[in-house]
Every structure is written in C-alpha cells, then in structure tokens.
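Asks: This structure is in structure tokens; I'll ask about it shortly.
Written as structure tokens, this is what we have:
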C-alpha cells in the first residue's frame with residue numbers, strides 16, 4: 010500500500026498505462042465512471058464496470074471493487090476499478106488511499122479536475138495539461154516522433170481532431186455516430202468488414218464503416234451516443250491479434266508514464 014498509483018480512466022490508453030505500472034510492481038487503482046465509453050473494449054479495464062466481472066488484458070486482471078476492498082484486491086494481484094464519477098468521490102478516494110502518484114489518462118483533451126497538489130507526483134496524458142502548473146509532467150499521446158515523450162515544462166501537442174496514421178489511413182478508419190441516440194451493434198470486435206458495411210444502428214440510422222479492415226474497436230451496445238461521437242475503429246492491417254493486445258501507442262504512453270513516475274519520485278527523495 011506504500012506504492013499506490015491512481016489512474017484516472019480505464020480506456021485502452023489508460024489500460025496500457027495501468028498494465029505497465031502493475032507489471033513494474035506499483036499498486037494500481039483505476040477510477041472510472043458508471044457508463045464508460047471505451048471503443049477498444051477488448052483491451053480496456055473499463056469493461057470491468059460494464060460487465061461487472063473481472064477483465065483480463067495480457068495476463069493482468071482488473072476487477073470492480075469498493076474502496077474498502079482495495080487492499081484485498083491488491084493483495085490478490087488484481088487492479089481494483091472504483092466508481093468515482095463526481096469530484097467529491099475522486100477526492101474521497103485520494104484522501105483514503107494517499108497515493109504516491111496520480112495519472113490522469115481520461116484523454117478528455119482538457120483537465121477535468123486534476124490538481125498538482127493531489128499527490129506527490131501528478132502526471133497528465135495528452136493535451137489539456139501544463140507541466141509545472143496543474144501536473145508535474147505531461148506524456149505526449151500524439152502518434153509520431155514524440156509519442157511517449159515526457160514533458161516537464163509545457164504542454165503536449167494540441168488535439169488536431171485527426172487520428173494518427175494506421176495502415177495508410179487516418180480519419181477514414183474512425184467510425185462515428187451518425188445521430189444522437191442509443192447505439193446497438195450488429196457486428197463484433199475482430200470481425201472483418203468491407204467499406205460501407207453496417208456495424209450497428211443509432212435508432213433507425215445505420216452505422217457504416219468507411220474502409221475495409223478488421224473491427225479493432227466498437228462501442229458497447231445500449232450506450233447513449235451523440236452525433237459524430239467516436240464509436241468504432243477499423244484497422245486496415247487486418248491482424249486479429251491487434252484487437253486483443255495493447256497497442257503500440259498505449260505501450261509507448263505507458264512507458265512514458267513509468268519514466269516520469271520514476272524520475273519524479275527520485276526527485277522527491
């Protein structure tokens with residue numbers, strides 16, 4: 010309990026971070042909201058909330074837990090996932106667990122409430138944070154030369170709205186909601202699709218993919234979505250293993266977080 014790191018968020022990038030820290034012998038605790046919207050569900054510890062059951066990603070298991078059950082879950086070698094949707098709930102967890110570090114990996118492209126005073130080491134993933142002001146360090150999440158780089162002064166690259174290139178495609182590989190409503194999937198992660206295929210519906214409106222490939226991500230059915238919200242991801246490389254393993258991006262960001270944590274803990278004595 011003397012090396013607890015709280016990771017805010019349980020999506021695929023946050024899961025890559027949590028996995029890297031867990032295998033490096035930190036006691037990781039994930040904070041999530043009641044209805045997480047992880048697209049890469051097969052590699053997201055956030056699914057422990059949706060399924061109300063343990064979720065295993067590359068031999069590491071996360072499980073929905075109460076704050077009181079955290080010591081028991083950590084002792085069993087599992088990552089506890091706590092529900093903390095409101096700021097006061099987050100602060101209660103912080104006050105109780107007294108973590109050595111907090112990693113904001115919500116990837117909201119803005120700071121939703123993380124403060125540099127929340128823990129001895131506070132790290133933000135991606136844009137929305139300023140190292141030296143609201144966090145001690147920022148880890149770059151933009152694909153490219155600086156992916157995973159630790160920033161101790163300043164900010165990450167601003168969000169462009171265009172995802173990084175995968176297999177020669179950028180924005181084309183995303184699947185976005187065509188309308189407001191409730192999403193219902195008719196295909197599964199790991200399915201091979203052709204351009205124009207229907208993978209689900211939002212109300213009466215079909216959700217179609219733009220390119221051929223493999224469905225690497227698809228939002229959980231029955232979640233409420235808004236128009237243009239990202240709800241899927243097609244990988245043109247068509248490698249089924251990519252659907253069920255941590256991505257190169259998540260590994261790079263996880264490595265950057267581990268580097269920042271070790272560096273900053275060293276500076277704190």
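Numbering (the numbering used here), first residue to last: 10 to 278. Positions of the beta carbon are idealized from the N, C-alpha and C atoms, including for glycine.
#1: Determine the extent of the alpha helix (DSSP H) in which residue 265 is found, giving its start and end residues.
#2: Quick one: using the 10 Å Cβ neighbour count with 16 as the cut-off for buried, is residue 248 buried or exposed?
#3: Suppose only complete runs of 3+ residues qualify. What are the beta strand (DSSP E) ranges in the stretch 209-247, listed by chain order?
#4: Just tell me which of 61, 34, 38, 25 has its CA closest to the CA of residue 16.
#5: Please look up how many angstroms separate the CB atoms of residue 136 and residue 165, rounded, as I've assumed it's under 8 Å.
#6: In the DSSP assignment, what are the bridge partners of residue 17?
#7: Kindly indicate if chain D contains any beta-carbon less than 7 Å away from that of residue 259.
#8: To the nearest angstrom, how far is the alpha carbon of residue 106 from that of residue 246?
#9: I believe residue 145 touches residue 125 by the beta-carbon criterion, under 8 Å. Please report the beta-carbon distance rounded to the nearest angstrom.
#10: Given residue 82, which residues of its chain have a CB within under 7 Å of its CB, disregarding the five upstream and five downstream residues?
#11: May I ask you to report which of helix, strand or coil DSSP gives residue 102?
#12: Please list, in chain order, all residues of the same chain as residue 29 whose beta carbon is under 6 Å from its beta carbon, the five residues on each side excluded.
#13: Indicate whether residue 20 and residue 62 have their beta-carbon atoms separated by less than 7 Å.
#14: From which residue to which residue does the alpha helix (DSSP H) around residue 84 run?
#15: Given 8 Å as the limit, is there contact between the stretch 220-238 and the stretch 178-197, that is, 3 or more CB pairs closer than that?
#16: Which residue from 99, 103, 65 puts its Cα closest to that of residue 86?
#17: Locate the beta strand (DSSP E) running through residue 93, then write down its first and last residues.
#18: Going by DSSP, what residue range makes up the alpha helix (DSSP H) through residue 57?
#19: Quickly, what does DSSP pair residue 133 with across the bridge? List them, please.
#20: State the start and end residues of the unbroken beta strand (DSSP E) segment that holds residue 72.
#21: Please report the straight-line C-alpha distance between residue 218 and residue 209, rounded to a whole angstrom.
#22: Do you know offhand how far residue 259's Cα is from residue 207's?
#23: I'd like to check one pair, residue 156 with residue 192: are the Cβ atoms closer than 7 Å?
#24: So residue 252 packs on residue 220, CB below 8 Å; how close in whole Å?
#25: Suppose the cutoff is 6 Å on Cβ atoms and the five residues either side in sequence are ignored; what does the same chain contact list for residue 173 look like?
Replies: In short:
#1: Here residue 265 refers to the residue found at position 256 when the chain shown is read from its first residue. Start and end: 257-276.
#2: Start at 1 with the first residue of the chain shown, and residue 248 comes out as number 239. So residue 248 counts as exposed.
#3: 214-217, 222-227, 232-234, 239-244
#4: Position 7 of the chain shown, counting from 1, holds the residue named residue 16. Per the Cα distances, 38.
#5: For the purposes of this step, residue 136 is taken as residue 127 along the chain shown, with counting starting at 1. For the purposes of this step, residue 165 is taken as residue 156 along the chain shown, with counting starting at 1. So it is a contact: roughly 5 Å between Cβ atoms.
#6: As a working mapping, residue 17 is identified with position 8 in the chain shown. Paired residue(s): 40, 113.
#7: The structure shown contains no chain D, having only a single protein chain.
#8: On the chain shown, position 97 is the one that residue 106 refers to. On the chain shown, position 237 is the one that residue 246 refers to. If you take the alpha carbons of residue 106 and residue 246, they lie about 42 Å apart.
#9: Counting from 1 along the chain shown, the entry for residue 145 is found at position 136. Counting from 1 along the chain shown, the entry for residue 125 is found at position 116. Confirmed, Cβ separation roughly 6 Å.
#10: By 1-based counting over the chain shown, the position of residue 82 is 73. Excluding residues within five positions, the ones whose Cβ falls inside 7 Å are 72, 74, 89.
#11: On the chain shown, position 93 is the one that residue 102 refers to. Here residue 102 sits in helix by DSSP.
#12: Stepping through the chain shown from its first residue, residue 29 is reached at position 20. For residue 29, where only same-chain residues beyond five positions count, the Cβ hits under 6 Å are 263, 267.
#13: Stepping through the chain shown from its first residue, residue 20 is reached at position 11. Stepping through the chain shown from its first residue, residue 62 is reached at position 53. No; because the gap between Cβ atoms is not below 7 Å, this pair is not in contact.
#14: Taking the chain shown and counting its residues from 1, the one referred to as residue 84 is at position 75. Start and end: 79-84.
#15: yes
#16: For the purposes of this step, residue 86 is taken as residue 77 along the chain shown, with counting starting at 1. Comparing Cα positions, the closest option is 65.
#17: Working through the chain shown from its first residue, we reach residue 93 at position 84. Unbroken run through residue 93: none, as it is neither H nor E.
#18: On the chain shown, position 48 is the one that residue 57 refers to. That run of the alpha helix (DSSP H) goes 56-60.
#19: Here the question's residue 133 lines up with position 124 in the chain shown. Per DSSP, 113, 147.
#20: Reading the chain shown from its first residue, position 63 is the one you call residue 72. Run containing residue 72: 69-73, per the beta strand (DSSP E) assignment.
#21: The residue you call residue 218 lines up with position 209 of the chain shown. The residue you call residue 209 lines up with position 200 of the chain shown. Rounded to whole angstroms, residue 218 to residue 209 spans 10 Å at the Cα level.
#22: In the chain shown, the residue the question calls residue 259 occupies position 250. In the chain shown, the residue the question calls residue 207 occupies position 198. Going by the C-alpha atoms only, they are around 28 Å apart.
#23: In the chain shown, counting from the first residue as 1, residue 192 sits at position 183. In the chain shown, counting from the first residue as 1, residue 156 sits at position 147. Cβ atoms of residue 192 and residue 156: not closer than 7 Å.
#24: Position 243 of the chain shown, counted from the start, is the residue given in the question as residue 252. Position 211 of the chain shown, counted from the start, is the residue given in the question as residue 220. Not a contact, Cβ separation roughly 16 Å.
#25: The sequence position of residue 173 within the chain shown is 164, counting from 1. 152.
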